[in-house]
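> Protein chains in written order, with the working numbering: chain A, 1 to 227; chain B, 228 to 454; chain C, 455 to 685; chain D, 686 to 916. All C-beta atoms, glycine included, are put in the ideal place defined by N, C-alpha and C.
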Amino acid sequence: MTSPTVEHLDRGPLHMDELARLIARDIPTGSFVNLGIGQPTKIADHLTQEQGVVLHTENGMLGMGRKAEGDDIDPDLTNAGKVPVTETPGCSYFHHGDSFAMMRGGHLDVCVLGAFQVSATGDLANWHTGQPDDIPAVGGAMDLAIGAKDVYVMMTLFAKDGSAKLVDRCTMPLTGLACVSRVYTDVAVFDLGPDGVVVRQTFGITLDGLRDRLRSTGGHTVVLART
Amino acid sequence: MTSPTVEHLDRGPLHMDELARLIARDIPTGSFVNLGIGQPTKIADHLTQEQGVVLHTENGMLGMGRKAEGDDIDPDLTNAGKVPVTETPGCSYFHHGDSFAMMRGGHLDVCVLGAFQVSATGDLANWHTGQPDDIPAVGGAMDLAIGAKDVYVMMTLFAKDGSAKLVDRCTMPLTGLACVSRVYTDVAVFDLGPDGVVVRQTFGITLDGLRDRLRSTGGHTVVLART
Amino acid sequence: MSRTRILDTSDEAVADIQDGATVLVGGFGLAGMPFDLLEALVRQGASDLTIVSNNAGNGEVGLAALLKARRVRKVICSFPRQSDSYVFDALYRAGQIELEVVPQGNLAERIRAAGAGIGAFYCPTGVGTPLAEGKETRTIEGRHYVLEHPISGDYSLISAHRADEMGNLVYRKTARNFGPIMASAATTTIVQVSDVVATGGIDPETVVTPSIYVDRIVRVEARHHIVGGAR
Amino acid sequence: MSRTRILDTSDEAVADIQDGATVLVGGFGLAGMPFDLLEALVRQGASDLTIVSNNAGNGEVGLAALLKARRVRKVICSFPRQSDSYVFDALYRAGQIELEVVPQGNLAERIRAAGAGIGAFYCPTGVGTPLAEGKETRTIEGRHYVLEHPISGDYSLISAHRADEMGNLVYRKTARNFGPIMASAATTTIVQVSDVVATGGIDPETVVTPSIYVDRIVRVEARHHIVGGAR
Numbered sequence: 001m002t003s004p005t006v007e008h009l010d011r012g013p014l015h016m017d018e019l020a021r022l023i024a025r026d027i028p029t030g031s032f033v034n035l036g037i038g039q040p041t042k043i044a045d046h047l048t049q050e051q052g053v054v055l056h057t058e059n060g061m062l063g064m065g066r067k068a069e070g071d072d073i074d075p076d077l078t079n080a081g082k083v084p085v086t087e088t089p090g091c092s093y094f095h096h097g098d099s100f101a102m103m104r105g106g107h108l109d110v111c112v113l114g115a116f117q118v119s120a121t122g123d124l125a126n127w128h129t130g131q132p133d134d135i136p137a138v139g140g141a142m143d144l145a146i147g148a149k150d151v152y153v154m155m156t157l158f159a160k161d162g163s164a165k166l167v168d169r170c171t172m173p174l175t176g177l178a179c180v181s182r183v184y185t186d187v188a189v190f191d192l193g194p195d196g197v198v199v200r201q202t203f204g205i206t207l208d209g210l211r212d213r214l215r216s217t218g219g220h221t222v223v224l225a226r227t
Numbered sequence: 228m229t230s231p232t233v234e235h236l237d238r239g240p241l242h243m244d245e246l247a248r249l250i251a252r253d254i255p256t257g258s259f260v261n262l263g264i265g266q267p268t269k270i271a272d273h274l275t276q277e278q279g280v281v282l283h284t285e286n287g288m289l290g291m292g293r294k295a296e297g298d299d300i301d302p303d304l305t306n307a308g309k310v311p312v313t314e315t316p317g318c319s320y321f322h323h324g325d326s327f328a329m330m331r332g333g334h335l336d337v338c339v340l341g342a343f344q345v346s347a348t349g350d351l352a353n354w355h356t357g358q359p360d361d362i363p364a365v366g367g368a369m370d371l372a373i374g375a376k377d378v379y380v381m382m383t384l385f386a387k388d389g390s391a392k393l394v395d396r397c398t399m400p401l402t403g404l405a406c407v408s409r410v411y412t413d414v415a416v417f418d419l420g421p422d423g424v425v426v427r428q429t430f431g432i433t434l435d436g437l438r439d440r441l442r443s444t445g446g447h448t449v450v451l452a453r454t
Numbered sequence: 455m456s457r458t459r460i461l462d463t464s465d466e467a468v469a470d471i472q473d474g475a476t477v478l479v480g481g482f483g484l485a486g487m488p489f490d491l492l493e494a495l496v497r498q499g500a501s502d503l504t505i506v507s508n509n510a511g512n513g514e515v516g517l518a519a520l521l522k523a524r525r526v527r528k529v530i531c532s533f534p535r536q537s538d539s540y541v542f543d544a545l546y547r548a549g550q551i552e553l554e555v556v557p558q559g560n561l562a563e564r565i566r567a568a569g570a571g572i573g574a575f576y577c578p579t580g581v582g583t584p585l586a587e588g589k590e591t592r593t594i595e596g597r598h599y600v601l602e603h604p605i606s607g608d609y610s611l612i613s614a615h616r617a618d619e620m621g622n623l624v625y626r627k628t629a630r631n632f633g634p635i636m637a638s639a640a641t642t643t644i645v646q647v648s649d650v651v652a653t654g655g656i657d658p659e660t661v662v663t664p665s666i667y668v669d670r671i672v673r674v675e676a677r678h679h680i681v682g683g684a685r
Numbered sequence: 686m687s688r689t690r691i692l693d694t695s696d697e698a699v700a701d702i703q704d705g706a707t708v709l710v711g712g713f714g715l716a717g718m719p720f721d722l723l724e725a726l727v728r729q730g731a732s733d734l735t736i737v738s739n740n741a742g743n744g745e746v747g748l749a750a751l752l753k754a755r756r757v758r759k760v761i762c763s764f765p766r767q768s769d770s771y772v773f774d775a776l777y778r779a780g781q782i783e784l785e786v787v788p789q790g791n792l793a794e795r796i797r798a799a800g801a802g803i804g805a806f807y808c809p810t811g812v813g814t815p816l817a818e819g820k821e822t823r824t825i826e827g828r829h830y831v832l833e834h835p836i837s838g839d840y841s842l843i844s845a846h847r848a849d850e851m852g853n854l855v856y857r858k859t860a861r862n863f864g865p866i867m868a869s870a871a872t873t874t875i876v877q878v879s880d881v882v883a884t885g886g887i888d889p890e891t892v893v894t895p896s897i898y899v900d901r902i903v904r905v906e907a908r909h910h911i912v913g914g915a916r
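(1) Could you please give me the residues that DSSP links to residue 528 (chain C) through a beta bridge?
(2) Starting from residue 4 (chain A), trace the beta strand (DSSP E) both ways and give me its first and last residue.
(3) Which residues, in order along the segment 92-115 of chain A, keep a beta-carbon less than 9 Å from a beta-carbon of chain C?
(4) How close, in whole Å, do the beta carbons of residue 876 (chain D) and residue 855 (chain D) come, if the pair is a contact with beta carbons under 8 Å?
(5) Who are the neighbours of residue 635 (chain C) on chain G, taking C-beta pairs under 8 Å?
(6) Would DSSP call residue 258 (chain B) helix, strand or coil?
(7) Select from A:181, A:44, A:169 and A:165 the residue whose C-alpha is nearest the C-alpha of residue 213 (chain A).
(8) Name the chain B residues that come within less than 7 Å of residue 892 (chain D), Cβ to Cβ?
(9) By how many angstroms is the C-alpha of residue 144 (chain A) removed from the C-alpha of residue 813 (chain D)?
(10) Listed from N- to C-terminal order along the chain, which residues in the segment 559-578 of chain C have their beta-carbon within a distance smaller than 8 Å of any beta-carbon of chain D?
(11) Residues bridged to residue 618 (chain C) by DSSP?
(12) Leaving aside the five residues before and after residue 528 (chain C) along the sequence, list all residues of the same chain whose C-beta is less than 6 Å from its C-beta, in chain order.
(13) Hey, how far is the Cα of residue 47 (chain A) from the Cα of residue 24 (chain A)?
(14) Tell me the DSSP bridge mates of residue 196 (chain A)?
(15) Cβ of residue 912 (chain D) less than 8 Å from any chain A Cβ?
(16) With distances taken from CA atoms, which of B:254, B:267 and B:449 is nearest residue 276 (chain B)?
(17) I need the DSSP call for residue 641 (chain C), collapsed to helix, strand or coil.
(18) Under a CB-based cut-off of 8 Å, is residue 761 (chain D) close to chain B?
(19) Between residue 189 (chain A) and the rest of its own chain, which residues show a CB-CB distance below 6 Å, the 5 nearest in sequence each way excluded?
(20) Measuring CB atoms only, is the segment 704-717 of chain D touching the segment 877-887 of chain D, in the sense that at least three cross pairs come out at less than 8 Å?
(21) According to a CB-to-CB cut-off of less than 9 Å, which residues of the segment 248-272 of chain B neighbour chain D?
(22) Looking at C-alpha atoms only, which residue of B:450, B:242 and B:290 is the closest neighbour of residue 348 (chain B)?
(23) Just the C-alpha distance for residue 721 (chain D) and residue 698 (chain D), rounded to the nearest angstrom, thanks.
(24) How about the segment 67-80 of chain A and the segment 597-609 of chain C: do they share at least three Cβ pairs that are nearer than 8 Å?
(25) How long is the line joining the alpha carbons of residue 903 (chain D) and residue 729 (chain D), rounded to whole angstroms?
(26) Looking at chain A, which residues of the segment 740-765 of chain D have a Cβ within less than 7 Å of any of its Cβ atoms?
(27) Would you call the CB atoms of residue 36 (chain A) and residue 112 (chain A) closer than 8 Å?
(28) Whose C-beta lies closer than 8 Å to the C-beta of residue 203 (chain A) among residues of the same chain, with five residues either side of it excluded?
(29) Got a sec: is the Cβ-Cβ distance from residue 137 (chain A) to anything in chain D below 8 Å?
(30) Assuming contact is defined by CB atoms lying nearer than 8 Å, are residue 868 (chain D) and residue 844 (chain D) in contact in what I supplied?
(31) Can you give me the C-alpha to C-alpha distance between residue 795 (chain D) and residue 453 (chain B), rounded to a whole angstrom?
(32) How is the alpha helix (DSSP H) around residue 893 (chain D) delimited, first residue to last?
(33) Quick check on residue 109 (chain A): buried or exposed, where buried means 16 or more other Cβ atoms within 10 Å of its Cβ?
(34) Could you pull out every unbroken alpha helix (DSSP H) segment of at least 4 residues lying fully inside the segment 304-365 of chain B, listed in chain order?
(35) Can the beta-carbon of residue 486 (chain C) be found less than 8 Å from the beta-carbon of residue 633 (chain C)?
(36) Could you check if residue 917 (chain D) is buried or exposed, using at least 16 other CB atoms within 10 Å of its CB as the buried criterion?
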C-alpha cells in the first residue's frame, strides 16, 4: 500500500502555502476536518469542491465556508480564530457542549494543528511556550489533540534559532500525549506510528541530509525510510 | 407560615379524583412539573389555566397538553405512558439526553409519583414489587425520584391487604433514598422532613385515629401534628 | 466518518450487520421506532444480537418482530413491560432472553457519554437501589453518586422525519427521543426517514443531528401504528 | 424555577447580583457576548466577582469593561489572550486578577455537567499536561482520563437572538456557543435578546433553550461590534 520515501531534490523547502496545498491534497475525500488557528487555516484555500471535505469549527458549526468579506461579514458567524466566515450548503449549528462532544467523541477524521514541538512518539506541545511572562491560553488545543481520528501537525521543521521542532522529548508544556500521527514540515513529511518515525517525502534535502541536520541539533530520534 | 393539622371529619377518605384535585391546588403557580404514569396523570385535569403550570414529559417535551382524542392523535406525540397527547403554546421538544439532564439537574419544581411504599425518611419504592415472577421495569422512576426539587407521592395509605404503605422502612426494592418530601393519600397528607413525619390534614379520620390505624399495621413511625 | 450514503432499500442499509452485533434501536414505544430497518434486519438474519432500546417491543412489529424471530440474545432497556410486550414477556419468562434494566436517564446519559468521548461519569440516579448494586459509589460535596459507563453500539438504527442529501436530520415531536444520542454512539448509524430534501433544504439553525453522525439513509413510506400504552 | 420574567431594562435584570458572585458569561470573543447586561453590571457595582467565560474580554467593551472597572477577582476561561485583550493582559501581568485556564471542551462539558446533575466525569482531554496536574486520573479500557468536576454559577448572563414570552430561546449562527449550556448551569439565568415574540411564535421543534432554564429576559437594540482576532 505504501510507496518508498520520495526525495524531492529539484527544489528547495516548501513555502507554507505549498505545504498547505500538499496537506489539502492528502485529506481523504468526504472527511470531516478541523483546521487549527494560524497556518493550518490556509489549507482550506486548497481543498477542492470534488473532495467534499466538511470543515468543523469548535465554536459550534459544521460546514464552515470561506472567510467572509465585505457585506458577507456577520459578527454572529466566526471561526475559532474569531475571523468572520461564511456558510456552505448543508451546514449546521450547535452549542459548545455538543461541538466538543463531537470532537472528543472521535467523530472528526482529521485535525491539523500548528506546533512548537512534536516528539518522536507523537506528543504535542503547541499551547504555551513555557516562558514565565507568557499568558497561558489553551483554547481548544487540548481537545483537538485528543479528539480527531488523525491529528496532523503543520510546522517548519526548525525553529528560528535552528533547533529542531521534531524532538526526542518535548521540553515545552504538553498539549497531548501520543496524539500526532503525521507531521508536515517545509523539509519533510513524517509518519509517527508503531514503526517509529518514517519519512514519507523530503523537499530540497536528501534523507541522509535530513538525518544529519536533525542530528546536528542534538536529536537522537531514528528517522526511517519508507520502503 | 404553617397552619395546624386540619382534621376533615365531615367526610370519608378522598377518592383518587379528589386527591388529584387537592394535589393540583397545592402545586405552586408557574411550576415546571412532571406527573408520573398511572394515578398522577389525573392531576393534569385539575390544573387551572391561571396556575400556568408547565408539564414536562421525560420522553422529550416541555409544555405537554391534554390527552389527544380523535383527529388530534399523532403517533409521534405521546406522553411517558405512550398515550397520545397534544401541544400547548410555548412547548418545546428535545432529545432524551437533554430531557433527563433537565430532570437530573434539578430544574423541575415538582414531580408526583405513585408508590408501593414510602418510608418515614422519604425512601421510595415504586418500581418493582420484588416478586420473582414480576418482570423488572424501571423506566424513568429512579431519575424522577432524585431529579425534582420536590417529589410528591400520590397513593392510597393502605394496600388492599390492609398493610400501611407509609412504613418505617421499605421492604420492597428501592427507587430512591430520602427523596420524597410529601405524601398525598386518601386519608391523610404528610410532610416528610427534618422534623419527621408531620400530618398536614386528614380525611374522614382523626389524627389519633390515623395513629391507631398505622400502629395496628405494625408501624412504629411517630406521626406528628402540625402546630 | 465519511460521507453519508443514501440507499434505495432498507435491506441494503442493514446488509452488513453481523451475528453478535450490539445494535442501538431508537424509539420510545412506537414513536421513533425504525420499523422498516428492523423488518429488514429480520429478513437479513443476523442473530445473537444485543439490543439497546428504551423498551422491548410492542405487539409483533418492529423490535418485537426481531425478538419473535429469536435473533436477540440480550436486551438492555429501561422499561421492557408494555401493555403489548407479550413477545418479550414470554421469552423472558421462558429464560430465553437476557435482560439488563437501566434507569431511563442513565440509559440516555450513558449513550450520550459514548458519543461524547466521556470515559465514565458519577450519576445520582439509582443510588442505594438494586440497580446500583456492585457499582462503584462516591460522595461529592455531600451528595451520593454511582459510577456509570458509556454504552456504545456497532450500529444504530433510528427513525427521523427528514434528511437532506448530506445527511443532516430533523425529527418530529416526541419521536426525536433517543435518535440524536444513538446517532452519535454507534460505529455505523443507519436512519430511515420519510423525506429526503436537497442539501440546503434544512435551515442550519434547526438541524438536530448533524450529518457527521449519519452513515446511511433510506427513505421509507410513512406509516402509523396503533400506540400501545405502558402497563 | 418559576416563570420567566420579561424586564424593561438591563439594570433591573442584574440588580440583585451580589459581591462575590460567580457569573457565567456567554460568548466566544464578541459573538454572543451579552454587552448590555455586562454594561448594566458595571453600573450596578457588584465586585469581587468570579467570571466564567471562554475569553477574558476584547477592547474595552462587554467583559473587558467589567474587568477595567476592577470588579473581577478571578477569571476561569480557555483563552484569555486575544489581539485586543489588553485590559486583561495588563491586570494579569500586574498580578491584579486570578486566572484559571481550562481546556475549552472541558469548560463546556463541566458547565453542561452542572446543568445536567452529573457529579463528575472522566475526560480524556489534557491527560499528561500541566492543566491536569493534581487531578485524579484513571485508566478505563486502556484509555487515560482525568476526573473533571462541574462548574456552576450563581448567575448566567447570555445573549440570544429571539425569545418568546414564555422564555424559550433561539440563537443566531455561531453566537449560540456557550448560551444553552450556561443557561442550564446557573441558579439565575438572565438573557438579552434582540426580539421578543408572543408565546407560540417559535416553532417548538426549533427551540434551543427551553423556557425552564430562563429566569429573566431583556430586549435590547441589536448592535454590531468589530470582531477581534485571536492572539
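On the basis of the data shown:
(1) DSSP output for residue 528 (chain C) lists C:504 and C:552 as bridge partner(s).
(2) Following the DSSP letters along the chain, one finds residue 4 (chain A) in no beta strand (DSSP E), marked with neither H nor E.
(3) Taking a C-beta cut-off of 9 Å against chain C, the contacting residues of the segment 92-115 of chain A are 92, 93, 94, 97, 98, 100, 101, 102, 103, 104, 105, 106, 107, 108 and 109, listed in chain order.
(4) Between residue 876 (chain D) and residue 855 (chain D), the beta carbon gap of about 11 Å keeps them out of contact (Cβ cut-off 8 Å).
(5) No chain G appears in this structure, whose protein chains are A, B, C and D.
(6) The three-state secondary structure of residue 258 (chain B), taken from DSSP, is coil.
(7) The shortest Cα separation from residue 213 (chain A) among A:181, A:44, A:169 and A:165 belongs to A:165.
(8) Per Cβ cutoff of 7 Å: 319.
(9) In a straight line, the C-alpha of residue 813 (chain D) is about 15 Å away from that of residue 144 (chain A).
(10) Residues 563, 567, 570, 571, 572, 573, 574, 575, 576, 577 and 578.
(11) Note: residue 618 (chain C) sits in a beta bridge opposite C:651.
(12) Answer for residue 528 (chain C): 504 and 552, listed in chain order.
(13) Going from the Cα of residue 47 (chain A) to the Cα of residue 24 (chain A) covers about 5 Å.
(14) Within the DSSP secondary-structure output, residue 196 (chain A) pairs in a beta bridge with A:193.
(15) Caution applies to residue 912 (chain D), whose pLDDT of 45 falls short of 50 and renders its modelled position unreliable; the model cannot decide the point.
(16) For residue 276 (chain B), the nearest C-alpha among the options comes from B:254.
(17) Here residue 641 (chain C) sits in strand by DSSP.
(18) Cβ-Cβ to chain B under 8 Å: no for residue 761 (chain D).
(19) If you ignore the 5 residues before and after residue 189 (chain A), its C-beta comes within less than 6 Å of the C-beta of 200 and 201, all in its own chain and listed in chain order.
(20) Flag = no, the segment 704-717 of chain D and the segment 877-887 of chain D do not touch.
(21) Answer set for the segment 248-272 of chain B: 255, 256, 257, 258 and 259.
(22) Of the listed residues, the one whose Cα sits closest to residue 348 (chain B) is B:450.
(23) Cα to Cα, the separation comes out at about 10 Å.
(24) For the pair of segments examined, the segment 67-80 of chain A was found not to touch the segment 597-609 of chain C: the number of CB pairs separated by less than 8 Å stays below three.
(25) Distance from the CA of residue 903 (chain D) to the CA of residue 729 (chain D), rounded to the nearest whole angstrom, comes to 16 Å.
(26) Going along the segment 740-765 of chain D in chain order, one finds 763, 764 and 765 with a Cβ nearer than 7 Å to chain A.
(27) Between residue 36 (chain A) and residue 112 (chain A), the C-beta spacing is below 8 Å.
(28) For residue 203 (chain A), where only same-chain residues beyond five positions count, the Cβ hits under 8 Å are 8, 11, 12, 13, 14, 186, 187 and 188.
(29) Judged by the 8 Å Cβ criterion, residue 137 (chain A) is in contact with chain D.
(30) Result no, Cβ atoms of residue 868 (chain D) and residue 844 (chain D) do not sit closer than 8 Å.
(31) Their backbone Cα atoms lie some 42 Å apart in a straight line.
(32) Where residue 893 (chain D) is concerned, there is no enclosing alpha helix (DSSP H), given that its DSSP letter is neither H nor E.
(33) The residue is buried, with at least 16 neighbouring Cβ atoms inside 10 Å.
(34) Within the segment 304-365 of chain B, the complete alpha helix (DSSP H) runs of at least 4 residues fall at 323-331.
(35) Going by beta carbons, residue 486 (chain C) and residue 633 (chain C) fall inside the 8 Å limit.
(36) For residue 917 (chain D) there is no data in the structure shown, the boundaries of chain D being 686 and 916.
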